[in-house]
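In the numbering used here, the protein residues as written are 71 to 401.
Where is the CB? At the ideal position from N, CA and C, for every residue including glycine.
Quick caveat: nothing in here was measured; it's all calculated off a predicted structure.
A short write-up of the structure that comes next.
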């Protein structure tokens with residue numbers, strides 16, 4: 071099950087809930103998420119609240135309920151499941167989305183897809199809590215105020231989306247704002263630093279440590295033109311495109327973990343930004359760090375100097391396309 075599958079089910083259920091008679095005692099309108107696992111449900115209440123429901127066995131030590139600004143989790147809920155011709159009492163864990171913002175709903179939808187793929191025929195409440203642990207940390211980060219470089223994150227997502235193997239790029243992604251390099255492919259011993267620009271020229275700012283090769287890493291730079299426009303594609307759309315192309319749930323979780331780290335409470339505004347994605351992909355170019363001009367600075371730096379930064383115009387530097395770089399990292 072992927073992100074798009076969950077969205078389609080939620081859309082179907084929203085229509086069903088909307089058409090229900092006012093005041094109908096319905097709880098949640100639900101659909102089985104996986105045909106091979108009948109105890110996993112996606113639901114929507116008449117008020118539009120989205121939920122993930124899984125039948126779960128009681129644990130010896132029951133997990134405590136979880137309450138965050140955007141999600142709530144309750145274990146050991148006994149509810150009546152009404153089917154076409156019968157009804158039965160079931161014990162479930164209920165995970166509710168408390169937010170109405172599209173960005174948070176996107177994260178919740180991605181989580182539902184991963185959880186639906188994770189659970190087998192029998193699952194305990196403790197096992198559900200363990201699967202939720204990293205996601206709850208992610209939702210907690212979405213409450214924090216973070217300064218986000220929207221141009222930079224747009225460029226990194228374009229580099230991932232342009233690759234035929236986005237899982238490999240996600241696994242190599244070092245997304246914390248203070249990381250020196252954006253992507254490190256350990257097995258290939260290759261790093262890629264992504265530089266995005268809103269100007270018409272490939273003029274970027276580097277630190278000396280990003281350019282000068284140390285150790286066994288071969289260093290490369292990706293240059294991405296980012297032009298924001300209301301007629302463009304939103305970052306949310308680009309992220310859904312990437313998520314649906316990923317081959318495993320570990321990559322999907324890491325994608326949203328990285329976004330929560332760099333966006334925090336600003337996720338909603340970031341995902342709403344629109345830019346010309348096709349032009350950005352077409353303009354993506356790669357450069358060897360060895361070909362990029364840099365100042366000659368004696369090391370170690372003088373006392374009190376910890377960083378040297380400089381501007382470079384890459385328009386006159388030889389570049390290559392993503393196909394060449396993919397050949398280097400797909401070892």
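query	result
Rounded to the nearest angstrom, what separates residue 182 and residue 246 at their Cα positions?	25 angstroms
Could you give the DSSP three-state label for residue 383: helix, strand or coil?	strand
Determine the extent of the beta strand (DSSP E) in which residue 159 is found, giving its start and end residues.	157–167
Would you decide whether residue 263 is buried or exposed? Buried here means 16 or more other CB atoms lie within 10 Å of its CB.	buried
Under 6 angstroms Cβ to Cβ from residue 272, same chain only, skipping five residues before and after it: list those, please.	293, 384, 385
Residue 363: buried (16+ other C-beta within 10 angstroms of its C-beta) or exposed?	exposed
On a CA-only basis, which of 116, 220, 98, 318 is nearest residue 236? Give me that one, please.	318
I need the DSSP call for residue 93, collapsed to helix, strand or coil.	Only weak support is given to the placement of residue 93: the predicted model assigns it a pLDDT of 47, under 50, and the value that follows is read from those uncertain coordinates. In this structure, residue 93 counts as coil in the three-state DSSP scheme.
Using CA atoms only, rank isn't needed, just tell me which of 71, 73, 72, 99 is closest to residue 82.	99
Put residue 144 into one of helix, strand or coil per three-state DSSP.	strand
With residue 172 as the anchor, note down where its alpha helix (DSSP H) starts and where it stops.	172–188
Assuming the contact rule is C-beta atoms closer than 8 angstroms, residue 121 and residue 164 should be a hit. Round their C-beta distance to whole Å, please.	6 angstroms
Quick check: the region 130–147 against the region 191–208, are at least 3 beta-carbon pairs closer than 8 angstroms?	yes
Could you give the distance in angstroms between the alpha-carbon of residue 137 and the alpha-carbon of residue 173?	19 angstroms
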